[in-house]
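Presented below is the structure to which this report refers.
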Amino acid sequence: MSDFREQALRYHAEPRPGKISIEISKAAETVTDLALAYSPGVAEPVREIAADPDNIYKYTAKGNMVAVISNGTAILGLGNLGHLASKPVMEGKALLFKRFAGLDSIDIEVSHRTTEEFITTVANIADTFGGINLEDIKAPECFEIEQELIKRCNIPVFHDDQHGTAIVTAAGLLNALEIQGKDIRKAIIVCMGAGAAAIACMELLIKCGAMREHIYMLDTKGVIHTRREDLNQYKQLCANNTDKRTLEDALQGADVFVGVSGPDVLPPAALSLMADKPVIFACSNPDPEIKPELAHAERGDLIMATGRSDYPNQVNNVLCFPFIFRGALDVRASVINDEMKLAAVQAIRAIAKEPVPQEVLLAAKVSSLEFGKGYIIPKPMDPRLLPRVARAVAEAAVSSGVARIPMPAAYFDA
Numbered sequence: 001m002s003d004f005r006e007q008a009l010r011y012h013a014e015p016r017p018g019k020i021s022i023e024i025s026k027a028a029e030t031v032t033d034l035a036l037a038y039s040p041g042v043a044e045p046v047r048e049i050a051a052d053p054d055n056i057y058k059y060t061a062k063g064n065m066v067a068v069i070s071n072g073t074a075i076l077g078l079g080n081l082g083h084l085a086s087k088p089v090m091e092g093k094a095l096l097f098k099r100f101a102g103l104d105s106i107d108i109e110v111s112h113r114t115t116e117e118f119i120t121t122v123a124n125i126a127d128t129f130g131g132i133n134l135e136d137i138k139a140p141e142c143f144e145i146e147q148e149l150i151k152r153c154n155i156p157v158f159h160d161d162q163h164g165t166a167i168v169t170a171a172g173l174l175n176a177l178e179i180q181g182k183d184i185r186k187a188i189i190v191c192m193g194a195g196a197a198a199i200a201c202m203e204l205l206i207k208c209g210a211m212r213e214h215i216y217m218l219d220t221k222g223v224i225h226t227r228r229e230d231l232n233q234y235k236q237l238c239a240n241n242t243d244k245r246t247l248e249d250a251l252q253g254a255d256v257f258v259g260v261s262g263p264d265v266l267p268p269a270a271l272s273l274m275a276d277k278p279v280i281f282a283c284s285n286p287d288p289e290i291k292p293e294l295a296h297a298e299r300g301d302l303i304m305a306t307g308r309s310d311y312p313n314q315v316n317n318v319l320c321f322p323f324i325f326r327g328a329l330d331v332r333a334s335v336i337n338d339e340m341k342l343a344a345v346q347a348i349r350a351i352a353k354e355p356v357p358q359e360v361l362l363a364a365k366v367s368s369l370e371f372g373k374g375y376i377i378p379k380p381m382d383p384r385l386l387p388r389v390a391r392a393v394a395e396a397a398v399s400s401g402v403a404r405i406p407m408p409a410a411y412f413d414a
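Set out below in structure tokens:
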């Protein structure tokens with residue numbers, strides 16, 4: 001582990017600090033180039049934008065630019081370490097936007113005293129960008145922040161810890177249930193964790209057909225039930241009218257376990273309480289709620305997914321967020337709505353059912369992949385994700401009325 005730590009630190013520090021940089025997209029070699037790039041030539045697009053603000057998309061990089069914004073209050077699994085400590089993560093997110101979707105992205109770390117101050121800061125700079133990706137902001141503040149910014153901003157605002165996690169989880173879980181011969185409308189689901197990602201996952205699963213009364217969510221005090229008096233408004237949405245109180249109570253006859261909590265909180269023996277052919281999503285990173293080898297040793301009939309790349313069935317947000325923004329920005333969507341999220345779910349799960357390209361097998365260092373227990377969701381390096389998910393999202397934006405321009409011709413040529 002110490003060797004990996006040193007490797008990670010060198011990666012971020014050498015040969016130059018950080019992971020992103022700014023590149024020039026136009027010629028800047030001659031006096032004429034500079035006159036066009038700045039004074040006096042720059043005055044011409046200024047006049048055009050002043051006359052029609054939509055011209056900003058024609059003459060600037062706004063339409064291909066995403067801001068990755070955090071206050072550092074919930075960094076990965078490390079907690080509230082401050083806005084400066086979040087910068088390596090936000091730079092990494094910007095790197096992923098560029099690598100997987102060709103989107104220019106810049107990280108912004110905000111220091112603030114109140115939630116309103118953060119909201120106002122972000123809203124005041126939003127018009128610079130085509131979209132805003134919120135990241136690593138703790139619950140429950142993250143809910144208020146996203147909801148208020150969606151109201152105040154004229155561009156898509158998307159909290160990836162909530163919705164990216166939910167979209168990828170839903171895609172994988174629907175496929176896993178299909179393989180296990182189970183109907184999501186009848187499935188009993190146990191969710192360990194009650195933060196932003198957990199609540200978003202359950203709400204999206206309900207939109208995919210899960211029944212609210214079949215979901216049992218747990219926080220550090222046990223099952224979230226309707227007779228508890230310590231619940232905020234977001235947990236109240238997930239409260240079940242039940243006598244179940246412990247994890248073991250909730251797991252009795254359950255079809256699905258979704259973990260977005262912490263390491264080793266699911267005892268292997270507890271898996272025996274679950275129904276036949278259970279589905280286990282242990283997504284805590286870097287250490288899952290239960291190690292796959294322990295889960296498989298306890299139950300031979302389960303399907304297992306984690307958030308790690310060194311096990312099969314990785315639930316990874318990179319399967320979704322770059323392509324959602326690509327599709328949203330390409331039709332200048334004003335928001336990322338439920339229709340767009342559900343379109344992404346269906347596009348992602350469909351790819352896993354198709355033959356896997358050789359280049360993906362090589363990148364994954366495996367000889368074969370076929371839809372089944374060990375392959376329920378695409379690999380992050382699958383080149384089909386960009387065109388398929390982006391197009392599905394763009395089409396949903398157009399059909400739901402939140403797109404400002406028609407589908408680009410390039411989408412029909414792909």
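Residue numbering for the sequence shown follows UniProt numbering, starting at 1 and increasing by one per position.
We treat Cβ as the ideally placed atom computed from N, Cα and C, and that holds for glycine.
Here the structure is a predicted model, which is why all the values come from computation and not from measurement.
Span of the beta strand (DSSP E) holding residue i?
i, result
"ALA305", "303–306"
"ASP107", "104–109"
"CYS191", "189–192"
"ILE336", "Segment: none, ILE336 is in no beta strand (DSSP E) and carries neither H nor E."
Quick one: Cα of residue i to Cα of residue j, how far?
i, j, result
"ALA394", "ILE184", "27 Å"
"ARG332", "MET340", "13 Å"
"GLN382", "PRO357", "Reading off the sequence shown, one finds Asp at residue 382, where the question assumed Gln. Going by the C-alpha atoms only, they are around 8 Å apart."
"PHE100", "ASN241", "43 Å"
"LEU177", "GLN233", "30 Å"
"GLU293", "LEU369", "20 Å"
"MET90", "PRO268", "35 Å"
"LEU34", "LYS19", "28 Å"
"ASN337", "ALA344", "11 Å"
"LEU385", "LYS379", "9 Å"
"PRO322", "PRO156", "13 Å"
"residue 424", "ASP107", "Outside the shown range of the chain (1 to 414) lies residue 424, about which nothing can therefore be said."
"ILE119", "ILE145", "6 Å"
"LEU362", "PRO355", "14 Å"
"ASP330", "GLU29", "31 Å"
"TYR375", "ALA396", "27 Å"
"LEU273", "ILE290", "15 Å"
"ASP301", "ILE167", "25 Å"
"THR169", "VAL315", "6 Å"
"ALA50", "ARG10", "46 Å"
I'd like to know whether the C-beta atoms of residue i and residue j end up nearer to each other than 8 Å.
i, j, result
"LEU103", "ARG326", "yes"
"ALA139", "HIS163", "no"
"ASP249", "VAL223", "yes"
"ILE215", "CYS191", "yes"
"ILE324", "PHE129", "no"
"LEU149", "VAL122", "yes"
"ALA270", "GLY253", "no"
"LEU81", "GLY92", "no"
"GLY172", "ASN317", "no"
With DSSP collapsed to three states, give me the class of residue i.
i, result
"GLY222", "strand"
"GLY195", "coil"
"VAL402", "coil"
"PHE321", "helix"
"PHE281", "strand"
"ALA393", "The amino acid at residue 393 is misidentified as Ala; the sequence shows Val. In this structure, VAL393 counts as helix in the three-state DSSP scheme."
"TYR375", "strand"
"VAL315", "coil"
Along the chain, where does the alpha helix (DSSP H) that runs through residue i open and close?
i, result
"ILE167", "160–179"
"VAL360", "358–364"
"PRO292", "292–298"
"ARG185", "No alpha helix (DSSP H) holds ARG185; DSSP gives it neither H nor E."
"GLU6", "2–13"
Where are the alpha helix (DSSP H) runs, 4 residues long or more, that stay fully inside the UniProt domain "Malic enzyme N-terminal" (17–150), in chain order? Runs of the alpha helix (DSSP H) inside the UniProt domain "Malic enzyme N-terminal" (17–150): 31–37, 43–51, 56–59, 87–101, 115–125.
Run through the region 209–277 for me and flag every whole alpha helix (DSSP H) of 4 or more residues, listed as ranges in chain order. Runs of the alpha helix (DSSP H) lying entirely within the region 209–277 and spanning at least 4 residues, in chain order: 233–236, 247–251.
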